[in-house]
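Asks: If you scroll down you'll find the structure; I have some questions about it.
Numbering (the working numbering), first residue to last: 142 to 270.
And the structure:
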């Protein structure tokens, strides 16, 4: 039936800032960018190291997120990392603040959150391969 997660779509307000965050800061690779004139919007595909993708969209006059993160629907985007310390150092180099590290009470894994340029909560969840 389901083979896995293919992509997550994110509507952004500042495409340049989103590209910088998801590609330059986090290391995703932009694989396609299309301007859709009929919608006056961009769609940018960002490949993640494990093969998953993020789709970054722009839409004129898109409404803001209803609330932080407890609105119904997508709560946050969680990205798997294999080593937390290098990630935290890299985020700090770009001036991106993270919450204090927490430990998942069920798995013992460490995790933290930051916000993308539009305020979307991004979780980094440490897994040992």
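C-beta atoms are modelled at their ideal positions from N, C-alpha and C, and glycine is treated no differently.
Using DSSP with H/G/I as helix, E/B as strand and the rest coil, what is residue 160?
Replies: If DSSP states are grouped into helix, strand and coil, residue 160 belongs with the helices.
Asks: Evaluate residue 242 with the Cβ neighbour count: other Cβ atoms within 10 Å of its Cβ, from every protein chain shown; 16 or more gives buried, anything less gives exposed.
Replies: Answer is exposed; the Cβ neighbour count stays below 16.
Asks: Could you spell out where the beta strand (DSSP E) holding residue 188 opens and where it closes?
Replies: Residues 182-188.
Asks: Give me, in chain order, the residues of the same chain whose beta-carbon lies closer than 7 Å to that of residue 268; leave out the 5 immediate sequence neighbours on both sides.
Replies: Here the set comprises 221, 223, 250.
Asks: Just the C-alpha distance for residue 153 and residue 205, rounded to the nearest angstrom, thanks.
Replies: Approximately 10 Å between the Cα atoms of the pair.
Asks: Which one or two residues does DSSP pair with residue 262 in a beta bridge?
Replies: BP columns for residue 262 point to 256.
Asks: Quick one: is residue 230 near chain D, going by C-beta distance under 8 Å?
Replies: Protein chains in the displayed structure number just one, and chain D is not present.
Asks: If the criterion is Cβ atoms closer than 8 Å, does the pair residue 131 and residue 173 meet it?
Replies: Lying outside 142 to 270, the shown extent of the chain, residue 131 is not represented and no answer is given.
Asks: So within the segment 209-252, which uninterrupted alpha helix (DSSP H) runs reach at least 4 residues, ignoring any that extend past its ends?
Replies: Correct list: 225-234.
Asks: Is it the case that the Cβ atoms of residue 163 and residue 219 are separated by a distance below 8 Å?
Replies: For residue 163 and residue 219, no; Cβs fall outside 8 Å.
Asks: For the beta strand (DSSP E) that contains residue 173, what are its first and last residues?
Replies: Residue 173 -> beta strand (DSSP E) spans 170-177.
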